[in-house]
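Participant: Residues 140 to 281 (the numbering used here) are what the sequence shown spells out, left to right.
Idealized CB from N, CA, C, for every residue including glycine.
If you're wondering where the values come from, they're calculated on a predicted model, not measured in any experiment.
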Amino acid sequence: MEWKREAYRIVDGPLAVDADAVFRLLAGTHWANRRPREIIQKLIENSLCFSLFLGNEQVGFARVATDYTVFSWLSDLVIADAHRKQGLGEWLLRCVVEHPAIARTQFVLQTSSAHALYERFGFQESAKLMTRLPPGTQRSAP
Ligand SMILES: CC(C)(COP(=O)(O)OP(=O)(O)OC[C@H]1O[C@@H](n2cnc3c(N)ncnc32)[C@H](O)[C@@H]1OP(=O)(O)O)[C@@H](O)C(=O)NCCC(=O)NCCS
Numbered sequence: 140m141e142w143k144r145e146a147y148r149i150v151d152g153p154l155a156v157d158a159d160a161v162f163r164l165l166a167g168t169h170w171a172n173r174r175p176r177e178i179i180q181k182l183i184e185n186s187l188c189f190s191l192f193l194g195n196e197q198v199g200f201a202r203v204a205t206d207y208t209v210f211s212w213l214s215d216l217v218i219a220d221a222h223r224k225q226g227l228g229e230w231l232l233r234c235v236v237e238h239p240a241i242a243r244t245q246f247v248l249q250t251s252s253a254h255a256l257y258e259r260f261g262f263q264e265s266a267k268l269m270t271r272l273p274p275g276t277q278r279s280a281p
């Protein structure tokens with residue numbers, strides 16, 4: 140699918156993704172800045188990806204690990220610095236939660252700072268979730 144807003148567009152699917160741009164975007168985050176390039180490639184191939192473009196430049200990314208039936212894990216939402224604070228993060232999030240293939244699934248995510256943003260889309264904190272980190276991992280990763 141493709142959504143347009145002024146000069147920006149959002150495209151779904153792994154084929155649209157500029158993996159080098161996503162690698163750079165995620166390198167600027169506190170949770171994914173140590174992920175090697177091949178890990179980024181693999182998560183792109185295995186996720187429902189949402190890519191934000193201005194012209195041919197990818198300036199935003201989000202992805203969902205989903206079974207397309209009951210469960211979707213939203214992760215790695217990021218907008219390039221120069222393009223923040225103009226509503227693009229909210230727009231990207233709206234495209235994700237309203238995507239017809241997953242809109243009727245339960246969404247889960249992890250965030251340390253953006254609760255207010257997600258609450259606007261109906262996300263609520265839950266005391267019922269548990270997580271198991273990969274062996275050897277000290278910190279949690281969204
Ligand atoms: C969070 C992020 C995606 C927002 O993108 P954006 O394009 O600037 O967002 P928008 O312009 O649509 O505005 C988002 C709204 O959410 C609010 N918000 C809540 N938590 C926020 C946070 N941690 N960072 C930025 N905005 C946040 C903003 O204040 C803004 O509200 P406003 O319109 O009333 O001012 C962007 O700041 C980013 O990439 N940050 C680094 C990566 C990150 O923290 N991602 C979220 C991981 S859970």
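#1: When you compare the CB positions of Arg148 and Phe210, do they come within less than 8 angstroms of one another, or not?
#2: According to the neighbour-count rule (16 or more other Cβ atoms, all chains shown, within 10 Å of its Cβ), is Leu228 buried or exposed?
#3: Any heavy atom of ligand 1 inside 7 angstroms of the beta-carbon of Arg202?
#4: Over what stretch of residues does the beta strand (DSSP E) that includes Asp215 continue unbroken?
#5: Does the beta-carbon of Ile218, which I'm using as the reference point, lie nearer than 7 angstroms to any heavy atom of ligand 1?
#6: If you run the structure through DSSP and keep just helix, strand and coil, what is Val198?
#7: For the alpha helix (DSSP H) containing Lys267, name the first residue and the last one.
#8: Could you check if Lys224 belongs to the surroundings of ligand 1, using beta carbon to heavy atom distance under 7 angstroms?
#9: Mind checking Ile179: buried by the 16 CB within 10 Å criterion, or exposed?
#10: Quick one, are the C-beta atoms of Pro235 and Val198 less than 8 angstroms apart?
#11: Just to check, is the beta-carbon of Glu354 closer than 7 angstroms to a non-hydrogen atom of ligand 1?
#12: In angstroms, rounded to a whole number, what distance separates the CA positions of Glu258 and Leu272?
Facilitator: Concretely, from the data shown:
#1: no
#2: Before going further, note that residue 228 is Gly rather than Leu in the sequence given. Burial call: buried.
#3: no
#4: 210-218
#5: yes
#6: strand
#7: Counting along the chain, Lys267 falls outside any alpha helix (DSSP H), and DSSP gives it neither H nor E.
#8: yes
#9: buried
#10: Note that residue 235 corresponds to Val in the displayed sequence, not to Pro. Not a contact, by the Cβ cut-off of 8 angstroms.
#11: A question about residue 354 goes unanswered here, because the residues of the chain that appear run from 140 up to 281.
#12: 25 angstroms
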